[in-house]
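Q: Okay, here's the structure, questions in a sec.
There are 2 protein chains.
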Amino acid sequence: MKKFINDPEDVLRDALAGVAAAHPTLAVDAANRVITRAGTARPGKVALISGGGSGHEPLHGGFVGPGMLDAACPGEVFTSPVPDQMLAAAKAVDTGAGVMFIVKNYTGDVMNFELAAELAADEGIGVSTVLVDDDVAVQDSTWTAGRRGTGATLLVEKIAGALAEQGGDLASVTEIGERVNSRSRSFAIALTSCTTPAAGKPGFDLPEDEIEVGVGIHGEPGRAREKMRPASELAAAMVGAIWADMPLPEAAETIVMVNGLGGTPLIELYVLFGEVAARLAERGVVIARSLVGNYVTSLDMAGASLTICHADPRLLELWDAPVNAPGLRWGI
Amino acid sequence: MKKFINDPEDVLRDALAGVAAAHPTLAVDAANRVITRAGTARPGKVALISGGGSGHEPLHGGFVGPGMLDAACPGEVFTSPVPDQMLAAAKAVDTGAGVMFIVKNYTGDVMNFELAAELAADEGIGVSTVLVDDDVAVQDSTWTAGRRGTGATLLVEKIAGALAEQGGDLASVTEIGERVNSRSRSFAIALTSCTTPAAGKPGFDLPEDEIEVGVGIHGEPGRAREKMRPASELAAAMVGAIWADMPLPEAAETIVMVNGLGGTPLIELYVLFGEVAARLAERGVVIARSLVGNYVTSLDMAGASLTICHADPRLLELWDAPVNAPGLRWGI
């Protein structure tokens with residue numbers, strides 16, 4: 254294992270020091286392991302908090318900023334953060350309007366965010382939770398009951414974040430977050446495994462000519478181990494898997510994200526996006542907005558995920574709203 | 254080799270199709286292989302054109318947009334674009350105020366941009382050239398006489414692009430581009446090789462416990478093959494190499510970029526940035542602005558480069574100016 258780290262035990266601490274040094278718009282509470290926006294919170298604004306295991310950067314810390322999250326709670330690599338982190342975050346950013354937890358559907362995350370919600374309620378903080386479970390690959394998985402939460406998390410954070418910034422109350426921000434999740438689906442393909450600093454070796458083996466179809470963002474098994482194929486066929490498989498779960502009406506407007514899992518060059522993501530766009534055009538789908546890049550990653554895994562959100566005018570309007578987070582910026 | 258591609262011969266064509274599908278703010282001339290801003294150019298604006306081999310995305314096509322480039326000419330992977338591409342770009346974006354070529358110092362690129370400048374002059378288009386040669390690792394290299402051009406290219410494109418947007422004339426835009434280059438230095442370390450689609454196998458061999466110190470963005474040899482070390486020591490080596498070439502005065506203000514070469518996870522880049530920031534603080538240097546991410550890449554190479562620009566108030570003001578390119582966005 255060759256990584257830009259010091260002691261594998263200190264990766265999260267050291268990365269947070271880097272985040273603090275790099276981004277004056279963020280405040281890093283190193284003791285509690287909480288990233289918030291720098292400066293004081295605007296009274297009356299609903300606060301959005303997300304978190305999860307590290308190794309998926311820029312998710313979630315890179316999405317803290319005006320128009321998106323108020324706080325992120327990073328756990329150790331591929332490990333849920335603890336309830337005390339989320340409670341510290343809630344206390345730091347609640348202004349009386351309540352906080353919304355955005356939780357990817359992994360058993361540890363769900364349990365810890367539930368505990369944190371109880372602790373926050375004891376402190377008089379109103380809490381709602383949006384559970385993200387967009388990955389259509391498998392029903393249950395290594396660390397998940399039900400579907401895994403993956404790429405749609407970014408869309409929930411962006412769109413609900415925009416509504417919170419505009420003054421939406423806790424109920425309406427929660428409703429729109431749930432709406433984004435219910436209208437979004439994802440599917441991923443891994444070309445290689447990934448290596449956590451603690452393990453020091455790849456989490457699974459993948460032969461030189463095989464891919465994991467439907468992989469999870471921690472390398473969880475997907476639907477099948479298959480032979481490598483051209484991008485056009487992989488794009489068709491990804492679109493087909495999503496379509497089987499969420500067929501779209503003619504001329505449906507969508508937000509489409511082709512997301513790199515960390516080790517795949519951007520030029521390949523563009524090749525894949527072109528093929529996805531062609532497959533969607535054949536099905537009469539309109540790509541109204543798109544993202545191509547590394548947003549919800551799995552350390553150094555080579556691979557990509559496709560997320561399709563069935564948009565509507567309100568979702569597009571909120572998508573277009575200004576955002577100024579290190580990992581996603583426009584309009585500000 | 255497992256990559257999201259179709260035929261290795263078609264990677265550039267297919268990636269350009271993806272760029273066109275993903276970014277309505279860009280126009281892709283597939284026949285000439287030129288990326289420009291969508292819409293018509295503003296009369297009287299100096300046009301900035303860059304280009305080079307593909308495989309370094311988002312450089313250069315991702316930096317086309319208001320506040321940065323007017324056009325990019327992508328060659329095949331790790332291969333210079335041809336003069337006809339640059340001529341087509343110049344004709345597409347010149348509005349009479351002239352065009353500035355931003356050229357990374359590789360023999361093929363330099364030669365082809367020189368030929369293009371002559372062809373453009375024959376068409377009555379005023380052309381200036383800024384040659385970027387910021388990499389302090391080696392004096393001459395595999396495809397270079399003199400120093401290689403690497404990370405500072407982004408800074409030249411951003412800062413000169415801002416001045417051009419504000420109405421700077423060709424001489425002043427060229428002067429500021431040259432100033433950025435003269436005040437910027439870079440140094441890179443590779444943890445792995447990279448694989449071009451055409452070759453189908455890694456461009457060089459690197460043992461499991463060794464790194465290439467001073468590597469070029471095509472995998473060109475650096476200064477030494479060394480044993481892997483902690484991030485703190487690698488950061489010290491990178492800062493030291495740059496400092497030996499460009500020592501900075503006490504309290505110097507800098508723009509610092511820690512750039513991933515394509516296969517390194519963002520969490521590691523943050524660890525490295527934190528260590529770089531600590532080393533610079535020890536030397537009394539102020540990080541006035543920073544970038545952490547994958548901006549000037551080498552396909553799937555694991556590794557990172559450090560770029561330090563000795564800024565001044567004017568450079569910082571132009572750095573802060575709005576930019577709206579797919580690979581770099583703020584303030585618009």
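Taken in sequence, the protein lines are chains Z and G. In this text, residue positions in the first sequence follow the numbering used here: the first is 254, and each later residue adds one. In this text, residue positions in the second sequence follow the numbering used here: the first is 254, and each later residue adds one. Each residue gets a CB set at the ideal place from its N, CA and C atoms; glycine is no exception.
1) Candidates Z:Lys256, Z:Ala274, Z:Pro261: which alpha carbon is nearest Gly527 (chain G)'s?
2) Consult DSSP for Gly361 (chain Z) and reduce its assignment to one of helix, strand or coil.
3) For Glu410 (chain Z), count neighbouring C-beta atoms within 10 Å of its own C-beta (all shown protein chains included) and say buried if the count is 16 or more, exposed if not.
4) Identify which residue in G:Gly308, G:Gly297, G:Ala270, G:Asn285 has its Cα closest to the Cα of Thr449 (chain G).
5) Could you spell out where the beta strand (DSSP E) holding Ser558 (chain G) opens and where it closes?
6) Return helix, strand or coil for Asn512 (chain Z), following the three-state DSSP convention.
7) Provide the residue(s) that pair with Cys326 (chain Z) in DSSP beta bridges, ordered along the chain.
8) Alpha carbon to alpha carbon, how far is Ala443 (chain Z) from Val352 (chain Z)? Give it in angstroms, no decimals.
9) So with CB distances below 7 Å, who are the chain Z contacts of Ser543 (chain G)?
10) Within 8 Å of any Cβ in chain G, is that where the Cβ of Asp553 (chain Z) sits?
11) Which residues, in order along the segment 476-494 of chain G, keep a beta-carbon less than 7 Å from a beta-carbon of chain Z?
12) How many Å lie between Val539 (chain Z) and Ala477 (chain Z) at the Cα?
13) Use the C-beta contact count for Thr293 (chain Z): other C-beta atoms within 10 angstroms, 16 or more gives buried, fewer gives exposed.
14) Looking at the C-beta of Pro566 (chain Z), does it have a partner C-beta in chain G at a distance below 8 Å?
15) Using three-state DSSP, classify Asp267 (chain G) as helix, strand or coil.
16) Take Thr360 (chain Z) as the anchor and find which of Z:Thr397, Z:Gly349, Z:Pro277 has the nearest alpha-carbon.
17) In chain order, what residues of the same chain lie with their CB nearer than 6 Å to the CB of Thr406 (chain G), ignoring the 5 residues before and after it?
18) Against chain Z, which members of the segment 257-283 of chain G pass a CB distance test of less than 7 Å?
19) Which residue comes first and which comes last in the alpha helix (DSSP H) that contains Lys344 (chain G)?
20) Start and end of the beta strand (DSSP E) containing Asn547 (chain G)?
21) Does chain G have any CB closer than 8 Å to the CB of Lys255 (chain Z)?
22) Taking all protein chains shown into account, do 16 or more other C-beta atoms lie within 10 angstroms of the C-beta of Val395 (chain G), making it buried, or fewer, making it exposed?
23) Which residues, taken in chain order from the segment 305-339 of chain Z, show a beta carbon closer than 7 Å to some beta carbon of chain G?
24) When we look at the beta-carbon of Asp347 (chain Z) and count the other beta-carbons within 10 Å, is it buried (16 or more) or exposed?
25) Please list the terminal residues of the continuous beta strand (DSSP E) segment that includes Arg582 (chain Z).
26) Assign Lys298 (chain Z) to buried or exposed, taking buried as 16 or more other Cβ atoms, counted over all protein chains shown, within 10 Å of its Cβ.
27) So that I know if they touch, is there some Cβ in chain Z lying closer than 8 Å to that of Phe366 (chain G)?
28) If we ignore side chains and look at the alpha-carbon of each, how far apart do Pro566 (chain Z) and Ala541 (chain Z) end up?
29) Kindly indicate if chain G contains any beta-carbon less than 8 Å away from that of Pro474 (chain Z).
30) Could you tell me whether the segment 571-581 of chain G touches the segment 264-281 of chain G, where touching means 3 or more Cβ pairs closer than 8 Å?
31) Can you say whether Ala484 (chain G) is buried or exposed, counting buried as having 16 or more other CB atoms within 10 angstroms of its CB?
32) Any Cβ of chain G within less than 8 Å of the Cβ of Asn547 (chain Z)?
33) Hey, does Glu418 (chain G) have any beta-carbon neighbour from chain Z nearer than 8 Å?
34) Given this structure, state the Cα-to-Cα distance separating Ala268 (chain Z) from Gly404 (chain Z), to the nearest angstrom.
35) Considering only the beta carbon of each residue, do Ala489 (chain Z) and Arg532 (chain Z) sit closer than 8 Å?
36) Within the continuous beta strand (DSSP E) that includes Asp282 (chain G), where are the two ends?
A: If we stick to the structure as given:
1) In the second sequence, the residue the question calls residue 527 (chain G) occupies position 274. Among Z:Lys256, Z:Ala274, Z:Pro261, the Cα nearest to that of Gly527 (chain G) belongs to Z:Ala274.
2) As a working mapping, residue 361 (chain Z) is identified with position 108 in the first sequence. In the displayed model, Gly361 (chain Z) falls within a helix according to three-state DSSP.
3) Residue 410 (chain Z) sits at position 157 when you count from the first residue of the first sequence. Buried is the call here.
4) The sequence position of residue 449 (chain G) within the second sequence is 196, counting from 1. The shortest Cα separation from Thr449 (chain G) among G:Gly308, G:Gly297, G:Ala270, G:Asn285 belongs to G:Gly308.
5) Numbered from 1 along the second sequence, position 305 holds the residue referred to as residue 558 (chain G). Annotation: the continuous beta strand (DSSP E) that includes Ser558 (chain G) extends over 556-563.
6) If you number the first sequence from 1, residue 512 (chain Z) lands on position 259. When DSSP states are grouped into helix, strand and coil, Asn512 (chain Z) belongs to the strand group.
7) Within the first sequence, the letter at position 73 stands for residue 326 (chain Z). In DSSP, Cys326 (chain Z) forms a bridge with Z:Gly304.
8) Here residue 352 (chain Z) refers to the residue found at position 99 when the first sequence is read from its first residue. Here residue 443 (chain Z) refers to the residue found at position 190 when the first sequence is read from its first residue. Distance between Val352 (chain Z) and Ala443 (chain Z), taken at the CA atoms: about 35 Å.
9) Taking the second sequence and counting its residues from 1, the one referred to as residue 543 (chain G) is at position 290. Chain Z residues near Ser543 (chain G): Ala275.
10) Looking up residue 553 (chain Z) in the first sequence gives position 300. True, the Cβ-Cβ gap to chain G drops below 8 Å.
11) Correct list: Met481, Pro483, Ala484, Ser485, Leu487.
12) By 1-based counting over the first sequence, the position of residue 539 (chain Z) is 286. By 1-based counting over the first sequence, the position of residue 477 (chain Z) is 224. So the alpha carbons of these two residues sit roughly 29 Å apart.
13) What you label residue 293 (chain Z) is simply residue 40 of the first sequence in a count that begins at 1. Its Cβ having fewer than 16 others within 10 Å, Thr293 (chain Z) is exposed.
14) Along the first sequence, read from residue 1 onward, the residue named residue 566 (chain Z) stands at position 313. No, its Cβ sits nowhere closer than 8 Å to a Cβ of chain G.
15) Your numbering for residue 267 (chain G) matches position 14 in the second sequence. Here Asp267 (chain G) sits in helix by DSSP.
16) Within the first sequence, residue 360 (chain Z) is the residue found at index 107, counting from 1. The residue with the shortest Cα to Cα distance from Thr360 (chain Z) is Z:Thr397.
17) Residue 406 (chain G) sits at position 153 when you count from the first residue of the second sequence. Taken in chain order, the residues that qualify are Lys357, Val385.
18) Taking 7 Å as the Cβ-Cβ cut-off, the segment 257-283 of chain G approaches chain Z at Phe257, Ile258, Asn259, Val264, Asp267, Ala268, Ala270, Gly271, Val272, Ala274, Ala275, given in chain order.
19) Numbered from its first residue, the second sequence carries residue 344 (chain G) at position 91. Annotation for Lys344 (chain G): the continuous alpha helix (DSSP H) segment containing it runs 336-346.
20) What you label residue 547 (chain G) is simply residue 294 of the second sequence in a count that begins at 1. For Asn547 (chain G), there is no enclosing beta strand (DSSP E), as DSSP marks it with neither H nor E.
21) By one-based count along the first sequence, residue 255 (chain Z) stands at place 2. It does: the Cβ of Lys255 (chain Z) has a partner Cβ on chain G nearer than 8 Å.
22) The residue labelled residue 395 (chain G) in the question sits at position 142 within the second sequence. Per the sequence shown, residue 395 (chain G) should be read as Thr rather than Val. With fewer than 16 other Cβ atoms within 10 Å, it is exposed.
23) Residues Ser307, Gly308, Glu310, Pro311.
24) Within the first sequence, the letter at position 94 stands for residue 347 (chain Z). With a threshold of 16 other beta carbon atoms within 10 Å, Asp347 (chain Z) meets it and is buried.
25) Stepping through the first sequence from its first residue, residue 582 (chain Z) is reached at position 329. Bounds of the beta strand (DSSP E) holding Arg582 (chain Z) are 581-583.
26) Counting from one through the first sequence, the residue named residue 298 (chain Z) turns up at place 45. So Lys298 (chain Z) ends up on the buried side.
27) Walking along the second sequence from the start, residue 366 (chain G) turns up at place 113. Taking a beta-carbon distance threshold of 8 Å, Phe366 (chain G) does not count as an interface residue toward chain Z.
28) For the purposes of this step, residue 566 (chain Z) is identified with residue 313 of the first sequence, where counting begins at 1. For the purposes of this step, residue 541 (chain Z) is identified with residue 288 of the first sequence, where counting begins at 1. Spanning the alpha carbons of Pro566 (chain Z) and Ala541 (chain Z) requires a straight line of approximately 10 Å.
29) In the first sequence, residue 474 (chain Z) corresponds to position 221, counting from 1. No, its Cβ sits nowhere closer than 8 Å to a Cβ of chain G.
30) Cβ pair count under 8 Å is three or more, so yes.
31) Taking the first residue of the second sequence as 1, we reach residue 484 (chain G) at position 231. Buried.
32) To locate residue 547 (chain Z), count along the first sequence from 1; it is residue 294. For Asn547 (chain Z), at least one C-beta of chain G is nearer than 8 Å to its own C-beta.
33) If you number the second sequence from 1, residue 418 (chain G) lands on position 165. So no, Glu418 (chain G) is outside the interface.
34) To locate residue 268 (chain Z), count along the first sequence from 1; it is residue 15. To locate residue 404 (chain Z), count along the first sequence from 1; it is residue 151. C-alpha separation (whole angstroms): 22 Å.
35) As a working mapping, residue 489 (chain Z) is identified with position 236 in the first sequence. As a working mapping, residue 532 (chain Z) is identified with position 279 in the first sequence. Taking 8 Å as the cut-off, the beta carbon of Ala489 (chain Z) is found closer than this to the beta carbon of Arg532 (chain Z).
36) Taking the first residue of the second sequence as 1, we reach residue 282 (chain G) at position 29. Secondary structure note for Asp282 (chain G): its beta strand (DSSP E) is the uninterrupted segment 279-282.
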